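Student: Here it is, the structure, as structure tokens.
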Amino acid sequence: MMIQPEFNPQDRVTPMTELPPYPGTPRWVKVFGIILIAVIVLFLIVLLTHGVHRGPGHG
Amino acid sequence: MTPGIRKLALTAHVTSTLGWLGAVVVFLALSVIGLTSRDAPTVRGVYLVMQPAAWFVLVPFAFASLLTGLVQALGTNWGLFRHYWVLFKLLIAILVTIILLIYMETFRVMARVAADPSADLALVRNVSPALHAVLALIVLLVATVLAVYKPRGITRYGWRKQHEQRAQP
Numbered sequence: 020m021m022i023q024p025e026f027n028p029q030d031r032v033t034p035m036t037e038l039p040p041y042p043g044t045p046r047w048v049k050v051f052g053i054i055l056i057a058v059i060v061l062f063l064i065v066l067l068t069h070g071v072h073r074g075p076g077h078g
Numbered sequence: 550m551t552p553g554i555r556k557l558a559l560t561a562h563v564t565s566t567l568g569w570l571g572a573v574v575v576f577l578a579l580s581v582i583g584l585t586s587r588d589a590p591t592v593r594g595v596y597l598v599m600q601p602a603a604w605f606v607l608v609p610f611a612f613a614s615l616l617t618g619l620v621q622a623l624g625t626n627w628g629l630f631r632h633y634w635v636l637f638k639l640l641i642a643i644l645v646t647i648i649l650l651i652y653m654e655t656f657r658v659m660a661r662v663a664a665d666p667s668a669d670l671a672l673v674r675n676v677s678p679a680l681h682a683v684l685a686l687i688v689l690l691v692a693t694v695l696a697v698y699k700p701r702g703i704t705r706y707g708w709r710k711q712h713e714q715r716a717q718p
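These protein sequences, in sequence, are chains A and B. Residue 62 in the working numbering sits at position 43 of the first sequence, and the numbers go up by one each step. Residue 584 in the working numbering sits at position 35 of the second sequence, and the numbers go up by one each step.
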């Protein structure tokens, strides 16, 4: 007598439609992201502390 | 997009971006002349010409580069949010364009000071355009390097889209 395995819907595998795991964010993206955020923050600090124009003869 | 239109869009994008880069180099040269020239009319002329030149060259090239870049990304398989290098180029173009538009007010003030004959030459000279031109040049060169080398790296959205396209019969 053959024993039929119990059917479990969670055991169903659909390899053609299942999304493979994301390979992750490359290191250069993280470095670039940090630099870009730092530049934006620096720009906002300069804008808020000095305003749009510092006046002639200044940097 | 058909291959012909794609090439036309790419030509427009490369031309506008390199035009923008070239214009920034010219502004750097003007800034150096403004800071170093001993001829008073030349110094005043440099700061007077910067404002209209920026409106007629820098701003149109910046918007043309941004617009053609969007067309290039959305009209091809590269997409706008699929690859990190495309995303970074977009962020760089938006950031530099915003800074340029804000800086137009500085150009206006510098031109007003330069137009005042009673203003001392030391007041007319300003290191700010040179500083901004150098920073803009660095950032635009980074964008050019990204466009040429196209470093690997796909976003989560791009990963999902890529798989969806492969799964389609």
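Where a beta carbon is used, it is the ideal one built from N, C-alpha and C, also for glycine. Bear in mind that the values here come from a model prediction, so they are computed numbers and not experimental data.
Cutting at 6 Å between CB atoms, please list the residues of its own chain near B/Gly-594, excluding the five before and the five after it.
Tutor: Residue mapping note: residue 594 of chain B aligns to position 45 of the second sequence, counting from 1. Hits under 6 Å: none found.
Student: Determine which residues share a DSSP beta bridge with B/Ile-643 and list them.
Tutor: Looking up residue 643 of chain B in the second sequence gives position 94. According to DSSP, B/Ile-643 bridges with nothing at all.
Student: Report all residues from its chain with a CB closer than 6 Å to the CB of B/Leu-570; omit the five preceding and five following residues, and keep chain order.
Tutor: As a position in the second sequence, residue 570 of chain B is number 21, starting the count at 1. Closer than 6 Å at the Cβ level, and outside the excluded window around B/Leu-570, lie Leu-689.
Student: What residues in the stretch 700 to 715 of chain B bring their beta carbon closer than 7 Å to a beta carbon of chain A?
Tutor: Those residues of the stretch 700 to 715 of chain B that come within reach of chain A (Cβ to Cβ, closer than 7 Å) are Pro-700, Arg-701, Gly-702, Arg-705, Trp-708, Arg-709, His-712.
Student: For B/Gly-624, which option in B/Val-694, B/His-562, B/Val-697, B/Met-599 has the closest C-alpha, if you only look at C-alpha atoms?
Tutor: Taking the second sequence and counting its residues from 1, the one referred to as residue 624 of chain B is at position 75. Closest by alpha carbon: B/His-562.
Student: Once you ignore the five residues that flank B/Phe-610 on each side, which residues in its own chain have a CB closer than 6 Å to its CB?
Tutor: One-based indexing of the second sequence puts residue 610 of chain B at position 61. So the qualifying residues of the chain are Ser-565, Gly-568, Trp-569, Ala-572.
Student: So, are the CB atoms of B/Pro-700 and B/Tyr-652 less than 9 Å apart?
Tutor: Taking the first residue of the second sequence as 1, we reach residue 700 of chain B at position 151. Taking the first residue of the second sequence as 1, we reach residue 652 of chain B at position 103. Contact: no.
Student: Determine, using beta carbons only, whether B/Phe-637 comes closer than 9 Å to chain A.
Tutor: Residue mapping note: residue 637 of chain B aligns to position 88 of the second sequence, counting from 1. Interface residue, yes.
Student: Apply the 10 Å Cβ neighbour rule to B/Ser-580 and answer buried if 16 or more other Cβ atoms are within range, or exposed otherwise.
Tutor: To locate residue 580 of chain B, count along the second sequence from 1; it is residue 31. Looking at its Cβ environment, which holds 16 or more other Cβ atoms inside 10 Å, B/Ser-580 is buried.
Student: Looking at chain B, which residues of the stretch 35 to 68 of chain A have a Cβ within less than 8 Å of any of its Cβ atoms?
Tutor: Listed by position along the chain: Met-35, Thr-36, Leu-38, Pro-39, Tyr-41, Pro-42, Thr-44, Pro-45, Trp-47, Val-48, Phe-51, Leu-55, Val-58, Ile-59, Phe-62, Leu-66.
Student: Note down the Cα distance separating A/Ile-59 from B/Val-635, rounded to an integer number of angstroms.
Tutor: Start at 1 with the first residue of the first sequence, and residue 59 of chain A comes out as number 40. Start at 1 with the first residue of the second sequence, and residue 635 of chain B comes out as number 86. Between A/Ile-59 and B/Val-635, the C-alpha separation is close to 18 Å.
Student: How would you list, in chain order, the residues of chain A whose beta-carbon sits under 9 Å from the beta-carbon of B/Tyr-698?
Tutor: Residue mapping note: residue 698 of chain B aligns to position 149 of the second sequence, counting from 1. By Cβ distance, chain A contributes nothing, its closest Cβ being about 10 Å from B/Tyr-698, past 9 Å.
Student: Can you check which of these residues, A/Pro-42, A/Phe-51, A/Leu-63, is closest to B/Leu-703 by C-alpha distance?
Tutor: Reading the second sequence from its first residue, position 154 is the one you call residue 703 of chain B. Reading the sequence as shown, one finds Ile at residue 703 of chain B and not Leu. The candidate whose alpha carbon is nearest that of B/Ile-703 is A/Pro-42.
Student: So, using beta-carbon positions, are B/Thr-646 and B/Leu-619 closer together than 9 Å?
Tutor: Residue mapping note: residue 646 of chain B aligns to position 97 of the second sequence, counting from 1. Residue mapping note: residue 619 of chain B aligns to position 70 of the second sequence, counting from 1. Contact: no.
Student: Apply the 10 Å Cβ neighbour rule to B/Phe-576 and answer buried if 16 or more other Cβ atoms are within range, or exposed otherwise.
Tutor: The count along the second sequence starts at 1 and reaches residue 576 of chain B at position 27. Per the 10 Å Cβ criterion, buried.
Student: Name, in chain order, the residues that DSSP records as bridge partners for B/His-632.
Tutor: Taking the first residue of the second sequence as 1, we reach residue 632 of chain B at position 83. Looking at the DSSP assignment, B/His-632 forms a beta bridge with B/Ile-703.
Student: Along the chain, where does the alpha helix (DSSP H) containing B/Gln-600 start, and where does it finish?
Tutor: The residue labelled residue 600 of chain B in the question sits at position 51 within the second sequence. Element bounds for B/Gln-600: 589 to 602.
Student: Are the Cβ atoms of A/Arg-48 and B/Phe-637 separated by less than 9 Å?
Tutor: As a working mapping, residue 48 of chain A is identified with position 29 in the first sequence. As a working mapping, residue 637 of chain B is identified with position 88 in the second sequence. Checking the sequence shown, residue 48 of chain A turns out to be Val, not Arg. Yes, the pair counts as a contact, with Cβ atoms nearer than the cut-off.
Student: With burial defined as no fewer than 16 other Cβ atoms inside 10 Å of the residue's Cβ, what is the status of B/Leu-597: buried or exposed?
Tutor: Working through the second sequence from its first residue, we reach residue 597 of chain B at position 48. The residue in question, B/Leu-597, is buried, as its Cβ has 16 or more Cβ neighbours within 10 Å.
Student: Tell me the DSSP secondary structure of A/Trp-47 in three-state form.
Tutor: Here residue 47 of chain A corresponds to residue number 28 of the first sequence, with the count starting at 1. If DSSP states are grouped into helix, strand and coil, A/Trp-47 belongs with the helices.
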